[in-house]
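Written below as structure tokens is the structure these notes are about.
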Amino acid sequence: MDYRFFYNERQLPCARLSMDHEAFGLWLTDELGADTEQLSRLLQAVSSLEQGQQTEFQWQGRDFLLRLTRDDAEVIALVLLQDHSLEELEGEDLEFYDAESFAACGLDDFKELLSEWQEFLLD
78 MDYRFFYNER QLPCARLSMD HEAFGLWLTD ELGADTEQLS RLLQAVSSLE QGQQTEFQWQ
138 GRDFLLRLTR DDAEVIALVL LQDHSLEELE GEDLEFYDAE SFAACGLDDF KELLSEWQEF
198 LLD
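Using my numbering, the final residue of the sequence shown is 200, and nothing's skipped along the way.
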């Protein structure tokens with residue numbers, strides 16, 4: 078998963094991710110932004126999952142649902158959930174959805190992405 082972090086013309090943090098992971102970039106930019114407190118809570122949730130203290134974590138923002146398991150991380154645009162339940166989407170092939178609406182990766186990659194975002198914000 079390749080990514081690039083930068084500040085836009087309004088000096089807001091932005092993330093652009095490689096194809097198939099574009100939704101993570103939108104999620105970082107639009108949902109998480111510069112909220113370092115929420116970022117810390119998410120990193121704590123990842124740690125809890127890694128240590129086996131919980132099996133799943135979900136966080137709903139304005140436009141996306143973030144879902145973490147012990148193995149995976151997913152961001153799903155809420156518009157996809159308006160017509161389908163999360164369980165229905167799990168059984169479907171999501172490849173036909175726009176790359177900006179859904180993305181998934183391993184929990185380790187997601188943790189690295191969050192850590193790099195945190196480092197970017199603190200610089």
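All C-beta atoms, glycine included, are put in the ideal place defined by N, C-alpha and C. Computed from a predicted structure; not experimentally measured.
Approximately 12 Å separates the beta-carbon atoms of Val156 and Ala100; this is outside 8 Å, ruling out the contact. Note on the stretch 122-155: whole beta strand (DSSP E) runs with a minimum of 3 residues are 133-137, 141-146 and 149-154, in chain order. Leaving aside the five residues that flank Cys91 on each side, the residues in its chain whose CB is nearer than 6 Å to its CB run, in chain order, Phe83, Asn85 and Thr106. Residue environment for Gly102: buried (at least 16 other C-beta atoms within 10 angstroms of its C-beta). Arg118 sits in a helix when the DSSP states are folded into three classes.
In this structure, Leu143 lies near Trp104, with their beta-carbon atoms less than 9 Å apart.
For Ala111, the three-state secondary structure derived from DSSP is coil.
Nearest Cα to Ala180 within the set Gln130, Leu199 and Phe141: Phe141.
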